[in-house]
Structure formats: C-alpha cells, structure tokens
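**Q** The structure that follows is given in the form of structure tokens.
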Amino acid sequence: MSELSTAFRAELHAVLGDRQVRSIVLLALVIYALIYPLPYRAELLRDVPVVLVDQDRTTASAELARRVDASEAVALTHDAPDMVEATRLVHERRAFGVMLIPDGFERALLRGDQSPVALYADASYFLMYQRVMQGAAVPLRQLGAEIEAGRLIAHGTPRAVALAQVSPANQIEVPLFNPAAGYATYVLPAAFVLILQQTMMMGLALAATRRRPLPGHPVWRLLGRAAAWLTIWAGLLPLYLIVLPVLYGLPILGGPGTLTMLGLPFVLAAGFLAQLVAALFRRSEVVQVVLLATGLPFFFLSGFAWPVEAIPAHLNALAQLIPSTPAIDGLVRVTQMGATLPQIAPVLWHLWALAGGLGLIVLAVETRSAAQHTPTACEEPAASGNSSR
Amino acid sequence: MLAVMAREFRLLPRRPALAGLVVVLPLVMLLVLGGIFRAGIATGMAVAVIDLDRSDLSRAVTRMLDAAPELTVTHRASDLSEARSLIVSGAVRGAVLMPPDLERDIIRGERPEIVTFYDNQHMSAGTMVARGARNAIDAALTGLRLSVRQSQGESPVQATVSLQPIPLQAHALFNPAFDYVHFLLAALIPTVLQIIAAAATAYAVSLDFGTGRHQRVLMRMAGGILPAMLGKVLPYTIIFLLILGLSDVALYGWLAVPLRGSLWLMASGAVLFVLASQMIGALAFILGRDMGRAASLIAIITAPAFGFMGLGFPREAMSPLAQAWGAAIPGTWYVQLRIDQSLRATPLDISAVSVLWLAVIAGVLAALVLTQLSRLSRLEAQA
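Protein sequence lines correspond, in order, to chains A and B. For the first sequence, counting from 1, position 303 maps to 283 in our numbering; every step adds exactly one. For the second sequence, counting from 1, position 377 maps to 439 in our numbering; every step adds exactly one.
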C-alpha cells in the first residue's frame, strides 16, 4: 500500500512540480482555449458574395436577382458585364459564385418554354459552394413553382389543384442538435476532447521520460500513477468539457455523472498510451514532436469531421486503438446530443477495453524493463536525465 | 557553409532520433493521411424510415432512399422517439418520417408533409444525409408529378419541360469532380509538415546551439554566424522539400489531382514555405533557449494552424483578428497558393501575392533569428 501511495505522490510531483510538464498541462489549456476557437467564432456563413451577370436586363431577370439577393445565404454584391470579368472577381476571392441570366430569359418564360439560368459556384471551398448553391437554388425553385402553377391556372386548372400538382408534398428538413448549423458548435466539442488527450499525453509522456525508477511492484506503481492522473484530470476534464463550452456558448445537454463515467476510462486509456509512447520514443523532444504531429491525423481518424463511412476499414480498425476515437464520439453524443449511458454503452465498453488492454501492455513492458535493468538501475536514470535536458 | 551542411548530412544517420523526426515521421503521416482520404466520398450512411403510411408510395420513397448512393436504410422505426434514440446512439445519421395517409392525402391534393430529421452535430455527414434524402424524395415526387401530367395527355418530353420552367444549370467552378478529398489532403500534408519542419529544425539547432554545445566550433567551421545557420538549416530544407515533392508526386500523379497552374510558382512557394516553417522552429528555440519551451511555442503557432487556413470555415468569414493571425502563418499562404495553382488556375498576378507573403514571413523570421543569434554570440564572447 505504501508503494502505491509513493508512486501516487511521485507522479503528482512529476506532473505538477516539473515546470515544463505543468506548463504543457495547464498553460496549454489557456492558450488552446483562446486560439483554437478563434477561426470559428463567426459560427455562420451569411451573405456569401456572388457576381451577377445579367445579360437579359428585363423585369423578370431583375425579379429573379432580387429574390436571390434576398436569401440569407448569398448576396449579389457585384455586377459584371461578362463571364471573364466575373471569373476574375472569383479568382481574387472577392466573390464565390457567378449567376448568369442569359439573354432572352424573360422571352422564353413568356412563351412557356424552359428558360435556364446558369450558376457557377466556387467549388474549391466546400462550405462556400454549399451556401451559394443553397442561396440560389431555393429562390429559383420557388419562382419556378410559381410560374408552373401560374401556367396551369392559366389553362383553367383550379388554383388548389395546380398548387398540389406543382408540389404534391411538403418536404421539410429538421436538423437535430446544432439546428443553426453553427461551425463552432459543430467542431469545438470534438476538438476540445482531442486537445485534452494530446496535451495530457504530452505532459504524462514527458513526465515518464524523466521518471526515476521507484521501489516496489510494477502493479502498485502503475496503480499509484493512474490514481494521480485521475486526481489531476478530475479537475481538468470538467474545464475542457463543461467550462470551456459554456464560455463559448455551446449547448451542454449531458449530465456530469455520465461525463464522469466516460471520462474515467478515457483518462486511464490516454495515460497508459502516454506511458507506451514514452517507452517507445524515450527522448522527451521526440515524444513532444510526435504527439504534436499526430494531433490532426488523430482528429480525422476519429470519424467525426471525416465520416467513418469514408475511412478505409483497416485504417478505421487501427483508429479504434486511439482513445480519442471512442472518446470524441461518446463525449460529443453525451454533451451535445444528450445521450444517456445505455445509449453509448458500446463506447463505454470500448474505452474500458482500451484502458485495460493498454494498462496490461504497460505493465508487461515495465515488468520486463525492471527485470532487465535491476543490476544497472543507478546508471539508467542518470543517463536519461541528461538526455532530456 | 558547405562544410557545415556536409557535416549535418554525415551526422544524421548517427542520430536516430533526429533522422526519425525528419524522415520516418513525415512519411508515416503521409501514408496515414493518404489512407484516410483515399476512399473519397462517404457512401451508405445509415438512415431510419418511420413509415406510418405503409402504402405503395411510402414504399417507393423508401426504395429511392435506399438506392441513393449516400444512404442505406438500415432501420425501420415505429415512432419518432425510437428514431431519435437511434440517432443519438449513433446507429443512424438521420430518419425520414412519412405520416399516416400520405398517399391518400397526396391524391386528394392536401399536400402532406414528409419530414427528414438529420444529425447536424456531425455536420459533414449530416448535410450529406439531408442532401441524399432530399434528392431521393424529390425523385419520387417528380415521378408522381410526371405521371399526373402524362395522365392528362402530355407527352413525356413536354411534361418534363413543364415541370421545370427555370432549370438551374449548376457548374462547379475549379473543381468539377467535387473532390474535396484531394483538396483536404493537399492542405493537411503541408499543415503536418509545417509542424514537423518547425519542431525538427528547433531540435537540430538545439543540438549545436543549445547551452553547453559547441556553437563556436560550428561558426569557426563556417566562417560566420550566417553561413553556420544556413549550413545547419538547409540540409533539412532539402529533406522536407523532397518529402513535399514525394507527396506531390503521389497527389498529382497517383491520385490524379489536376495541376493547372504554374509549376514554377508552386515550387518557389514550396521553398519559401519550408524555409519559413523552419525559421519558426529556429526562432522558437533561440527565444526559448530550451527544447521544451521551444516545443510549446511551436505548438501554439503550428498546431491550431489548420483552422486558420479556411478549408473548413472560410477565411473570408472569420473575424479580422483570426484573419490576421492566419496571415502570419506560412501554411495559410502556401495552401492558398497550392489551391490557386493546382485547381483554380488563378492568373499569376493574383497568385503572386501568396508567394510574396511567404517571402515576407520567411524574411522577417530569418532576420529575427540572425539578430538574436548574433546578440547571443556577442554576449557569449563578452563572458
């Protein structure tokens, strides 16, 4: 028991007592909390600038332009005489789409013919493309429906019948959770989980590269360390998952009990993984760089921003070994979607399996290295202590 | 300077940690990132159907939903709360509700509602599900409208024409294949490389310019502080450019991303980008005087850099502060240059601005590194 508490106190000291480890674990919180969300503060993309090339210059074309301009998604900010000038504006990123109303637009409508309109949307940016399409397609469809109904009525169809024939059913789309499609609401809850994992692993792996061997059985030492992590991150986890989201005005639906149940195996799994990373790369410099470089790939591997349906199966299987993969899924579902424990039971089991499996591997590695280094135990820490300076 | 460079190349295989950082790590990251996005688009995302009508029409809509490439109908829910629970637990990404008497109401002209619920917390997948469902339901309803018109004696062609008085001819500028994959990849690789180039350079510099290291030996060997620094940094510039080149070969060759612009401009941008990233690392080390603090400084600048590049949420819509922060990061301009010159075929006079910015960033950082270094070596000489 005293071995356990020695290890517990040593790990607390290694994390909170070491200036560098402390700065990674605590300072990172402040900095990342300020810098990461900065690009997304605007939340919504409104009034994306679009160039109007109106070659018809009639009442009908002006009416169409007015309706598109009135949409929330786009604004017709520029007028250009031809496509060459319009494309130039798009190249300069002063506009992200071109609406071309060809000559003869109104005449064709009056004749009862089809009268096409061309929309060129900048597809090099996904969100811009989506908004430009949305902004033009909805008013266009409405105007088209009105014209179709008008023609039917002109041919003697009763008004109600004409409307029903033009659109037999009402299509309604209801976005659940993040109904306003805010970008910060979408990306930040997941990003905070990843930042939590990466900074935690960086700090703990750094502490591990500097650790001197302690007396006692590896099981007690490991349990003591794990207890120290849980103690420290019992304070930090709520900061990332509750306080930061509240500061950024994100919705929080999940209760603290469910969060704790998920956070417990997550902290353990990430802590054990950090021990393995430290054992594998040994030098603190390398550990830091590796964890820095893997942050973004881990995020995309988690299947949050890039749907898991699009990730090749073997890579996805590999991704399941990273704690952030189930943790992002589970924590986002709990905090943002109000999932209950039974609803995310598979995630919970997944995290516990990771914590247990990684813990056993760490134990095996440490038991073996302890057996190897017992005779030279005094030289080893001195050498590793130097290299980390 | 060449002597220092030769020494650096000679020492590299004997420093496995450094060699691992500059060669193995970027290559592994390249493989992983390439692997993630290789498949291209998400297909077969799970949706539930709440069919309270159980008519020919509702079955036709269900078939249309299942036939959409984005979607697979995996569950049939008996009510809304069951569907909601399926969405919350992640079993499905959306649900389509067809109310009782849907078919009868449509025939009577009462315009009933078909409602699509989708998980917009997972926005990228959610919007795809919503779009797939919208198109599938549209297709089913268009079939219905066509058959009504044909039953009134219109020819199929005529009926199709009258259904759409103003057809929208949508063109995707610059990216006709809608390939966001290669697009994301083309930005993610420089982002990760920026982190590695900065950190590895800081580490390499720390090995010679760190406390207790033989910085003066190096300076005597090169004959001055500028050649010493260049000799130290340039070997890694070459390595990172080779890696970047390899990723470009994979991207434009193997994955067949279009390359429409000036290779020459792209190449000069790449050199400036790698140099600027390295200067971030060198400056971080010189300011931090310690690899640990340097790594923290590098992390602050390069780790959140991806968001500021505007590939997800566009730069133009960010706050001025976020735009300014992004403008100070070399990766922002390099990725913009790549997009301009590979996909958009941007006229050179517009695209040159990105290269100019890269040059300014690299120049300012290099000047800061040199002034700091010479100040330190003067201090050391006095001591």
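We put the beta carbon where it would ideally sit given N, CA and C, even for glycine.
Report yes or no: do the stretch 67 to 85 of chain A and the stretch 393 to 413 of chain B share at least 3 C-beta pairs separated by less than 8 Å?
**A** The stretch 67 to 85 of chain A, when compared against the stretch 393 to 413 of chain B, does touch it at the 8 Å Cβ threshold.
**Q** Roughly how many whole angstroms lie between the Cα atoms of Asp167/B and Ser147/A?
**A** The alpha-carbon atoms of Asp167/B and Ser147/A are separated by roughly 13 Å.
**Q** Could you tell me the boundaries of the alpha helix (DSSP H) in which Pro155/A lies?
**A** Counting along the chain, Pro155/A falls outside any alpha helix (DSSP H), though it belongs to the beta strand (DSSP E) covering Asn150 to Leu156.
**Q** Between which two residues does the beta strand (DSSP E) carrying Gln226/B extend?
**A** Taken as a continuous stretch (DSSP letters only), Gln226/B belongs to no beta strand (DSSP E), as it is neither H nor E.
**Q** Please confirm whether Gly97/B has its beta-carbon closer than 7 Å to some beta-carbon of chain A.
**A** Cβ-Cβ to chain A under 7 Å: yes for Gly97/B.
**Q** List, in order along the chain, the chain A residues whose C-beta lies closer than 7 Å to that of Gly215/B?
**A** Those do not exist, as Gly215/B stays about 12 Å from chain A at its closest Cβ, beyond 7 Å.
**Q** Determine the chain A residues that contact Arg406/B at a beta-carbon separation under 7 Å, and present them in chain order.
**A** Within chain A, the residues near Arg406/B are His71 and Ser104.
**Q** Could you tell me the alpha carbon to alpha carbon distance between Met160/B and Arg131/A, rounded to whole angstroms?
**A** Met160/B and Arg131/A: Cα-Cα distance of roughly 30 Å.
**Q** Can you tell me whether Gln256/B is buried or exposed, with buried defined as 16 or more other CB within 10 angstroms of its CB?
**A** Burial call: buried.
**Q** Quick one: Cα of Ile348/B to Cα of Leu311/A, how far?
**A** One C-alpha to the other measures close to 40 Å.
**Q** Residues in the same chain with beta-carbon distance under 8 Å from Ala198/B, minus the five sequence neighbours each way, listed in chain order, please.
**A** These residues qualify, in order along the chain: Val123, Met126, Leu127, Ala129, Ala130 and Leu133.
**Q** Does any residue of chain B bring its CB to less than 7 Å from the CB of Leu378/A?
**A** Nothing about residue 378/A can be read from this structure; chain A reaches only from -19 to 369.
**Q** For Ser140/B and Arg146/B, I'd like the C-alpha separation in whole angstroms.
**A** Spanning the two alpha carbons is a distance of roughly 11 Å.
**Q** Tell me, please, whether the CB atom of Val267/B is closer than 7 Å to any CB atom in chain A?
**A** No, Val267/B lies away from the interface with chain A (no Cβ there is under 7 Å from its Cβ).
**Q** I want to know whether the stretch 149 to 162 of chain A touches the stretch 187 to 207 of chain A - three or more CB-CB distances under 8 Å.
**A** The stretch 149 to 162 of chain A is not in contact with the stretch 187 to 207 of chain A.
**Q** Going along chain A, which residues have a C-beta under 8 Å from His233/B?
**A** Result: Ala98, Leu99, Tyr100 and Ala101.
**Q** So, Met185/B versus Tyr166/A, is the Cβ gap smaller than 7 Å?
**A** Taking 7 Å as the Cβ cut-off, Met185/B and Tyr166/A qualify as a contacting pair.
**Q** Give the C-beta separation of Val48/A and Gly115/A to the nearest angstrom, bearing in mind that I take them to be a contact with Cβ-Cβ under 8 Å.
**A** Going by Cβ atoms, the distance from Val48/A to Gly115/A rounds to 6 Å, so yes, they are a contact pair.
**Q** So what's Glu72/A in DSSP terms, helix, strand or just coil?
**A** Coil.
**Q** So for Leu99/A, helix, strand or coil by DSSP?
**A** Reduced to three states, the DSSP call for Leu99/A is strand.
**Q** So which residues of chain B does Arg313/A contact, with C-beta pairs closer than 7 Å?
**A** Within 7 Å Cβ-Cβ: Val150 and Gly152.
**Q** Cys358/A to Ala187/A, Cα distance in whole Å?
**A** Model confidence at Cys358/A stands at a pLDDT of 42, short of 50, so the residue's coordinates are unreliable and nothing is read from them.
**Q** Taking only the alpha-carbon atoms, compute the straight-line gap between Ala361/B and Leu272/A and give it to the nearest angstrom.
**A** Taking the straight line joining both Cα atoms gives about 7 Å.
**Q** Taking 7 Å as the cut-off, decide whether the C-beta atoms of Ala103/A and Phe236/B are in contact.
**A** Contact: yes.
**Q** For a contact defined as C-beta to C-beta under 7 Å, what are the partners of Met180/A on chain B?
**A** Result: empty, since nearest Cβ-Cβ is about 14 Å, beyond 7 Å.
**Q** Three Cβ pairs or more, each shorter than 8 Å: is that satisfied between the stretch 77 to 91 of chain A and the stretch 30 to 47 of chain A?
**A** Yes: the two stretches touch, three or more of their Cβ pairs being nearer than 8 Å.
**Q** Chain A partners of Ala392/B, CB-CB under 7 Å?
**A** What sits at residue 392/B in the sequence shown is Pro, not Ala. By Cβ distance, chain A contributes nothing, its closest Cβ being about 16 Å from Pro392/B, past 7 Å.
**Q** Roughly how many angstroms lie between the CA atoms of Gly337/A and Ala(-13)/A, to the nearest whole one?
**A** Each residue's alpha carbon lies about 21 Å from the other.
**Q** Please confirm whether Val173/A and Ala319/A have their CB atoms less than 7 Å apart.
**A** Contact: no.
**Q** Going by DSSP, which residues form a beta bridge with Ile112/B?
**A** Leu159/B.
**Q** Under 7 Å, CB to CB, which of the residues in the stretch 310 to 340 of chain B have a partner in chain A?
**A** Listed in sequence order: no entries.
**Q** Name, in chain order, the residues that DSSP records as bridge partners for Phe179/B.
**A** In DSSP, Phe179/B forms a bridge with Val154/A and Ala157/B.
**Q** Please identify the residue among Phe157/A, Ala259/A and Ser95/A whose C-alpha is closest to the C-alpha of Ile127/A.
**A** Checking every option, the nearest Cα to that of Ile127/A belongs to Ser95/A.
**Q** Under 7 Å, CB to CB, which of the residues in the stretch 20 to 33 of chain A have a partner in chain B?
**A** The residues in question are Tyr20, Arg21, Ala22 and Leu25.
**Q** Tell whether a beta-carbon distance below 7 Å holds between Arg138/B and Val111/B.
**A** Closer than 7 Å, so yes.
**Q** Is there a Cβ of chain B sitting closer than 7 Å to that of Gln0/A, yes or no?
**A** So yes, Gln0/A belongs to the interface.
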